[in-house]
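**Student:** Residue numbers (the working numbering): 148 to 393. Each residue gets a CB set at the ideal place from its N, CA and C atoms; glycine is no exception. This is the structure I want to talk about, given as structure tokens.
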């Protein structure tokens, strides 16, 4: 009779044949997720797909400008959004996964040979010029140092690629960036040997998938957590994440 119970469980928890795919939205953010022709690639997108595959739930991932993607998830036009930080405002309108989807480490980068000493204290870097990307939040530590005047931003770029170009052109001394994002740009530009990452990193900020508060999706969120936890336990999560590590 055990097989009967298994069939009943599948019918209760698995999708019906021909079930509509869940609509997942995200932003262009290599190497986490990015548009490559007709496909959305990246290690975070791969992790999300694998978790839903284990759940037996079809998904469709679409990349939008970040503000639009967030609004779609919050008002129910999309079923879920990734990768995003926790904030009280977002948690009031979205159901966050409990499992961390992807780490987002913020680091500092300098030109090779600049020999800028760093022991983790941002205020000790007050004599240097920083470059950032417009409208990007670099975490509490960096934002707090800016507010108290311990450091100064002298250049603001439109993109990570432009920010790197200005660093290499000596427009400023220190580039602040998501660590994996910076190394992805460096690889694509074949500039890995021109830049040094300062240690320690500034901050390790967890990011998540969050679900719209539509009826029925809370159960999907819980099943996603279980699938992601299983991936971390069996090593498949580490394997997918390792593809993006420098």
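Quick check on DSSP: helix, strand or coil for residue 310?
**Tutor:** helix
**Student:** I think residue 279 touches residue 303, with their Cβ atoms under 8 Å apart; what is that distance to the nearest whole Å?
**Tutor:** Yes, residue 279 and residue 303 are in contact; Cβ-Cβ is about 6 Å, under 8 Å.
**Student:** Measure the Cβ-Cβ separation of residue 230 and residue 354 and say whether it is below 8 Å.
**Tutor:** yes
**Student:** Kindly indicate which residue of 263, 221, 272, 370 has the alpha-carbon position closest to the one of residue 342.
**Tutor:** Minimum Cα distance to residue 342 is reached at 263.
**Student:** How many Å lie between residue 254 and residue 392 at the Cα?
**Tutor:** 14 Å
**Student:** On the three-pair Cβ rule with 8 Å, is the stretch 214–230 touching the stretch 344–351?
**Tutor:** no
**Student:** So what does DSSP say about residue 360, is it helix, strand or coil?
**Tutor:** coil
**Student:** If we ignore side chains and look at the alpha-carbon of each, how far apart do residue 199 and residue 308 end up?
**Tutor:** 32 Å
**Student:** What's the C-alpha gap between residue 235 and residue 243?
**Tutor:** 11 Å
**Student:** Among 172, 178, 173, 167, which one has its Cα closest to the Cα of residue 331?
**Tutor:** 178
**Student:** Between residue 365 and residue 169, what straight-line distance do the alpha-carbon atoms span, to the nearest angstrom?
**Tutor:** If you take the alpha carbons of residue 365 and residue 169, they lie about 13 Å apart.
**Student:** In chain order, which beta strand (DSSP E) runs of at least 3 residues are fully inside the stretch 248–309?
**Tutor:** 249–258, 276–280, 299–304
**Student:** When you compare only the Cα positions, how much space is there between residue 362 and residue 328?
**Tutor:** 35 Å
**Student:** Should residue 248 and residue 220 be called a contact, given that it needs their Cβ atoms to be closer than 8 Å?
**Tutor:** no
**Student:** Drop a sphere of 10 angstroms on the beta-carbon of residue 227, count the other beta-carbons inside from all chains shown, and report buried for 16 or more, exposed for fewer.
**Tutor:** buried
**Student:** Quick check on the burial criterion: 16 or more other C-beta atoms within 10 angstroms. Buried or exposed for residue 209?
**Tutor:** exposed
**Student:** Kindly list the residues whose CB is nearer than 6 Å to the CB of residue 206, restricted to its own chain and excluding five residues on each side of it in sequence; keep chain order.
**Tutor:** Counting only Cβ-Cβ distances below 6 Å, and skipping sequence neighbours, we find 168, 169, 171, 199.
**Student:** Exposed or buried, residue 291, counting other C-beta atoms within 10 Å across all chains shown (16 or more means buried)?
**Tutor:** exposed
**Student:** Smallest Cα separation from residue 316: which of 191, 271, 261, 281?
**Tutor:** 261
**Student:** Tell me where the beta strand (DSSP E) around residue 244 begins and ends.
**Tutor:** Unbroken run through residue 244: none, as it is neither H nor E.
**Student:** Output the distance between the C-alpha atoms of residue 189 and residue 257, rounded to the nearest integer angstrom.
**Tutor:** 26 Å
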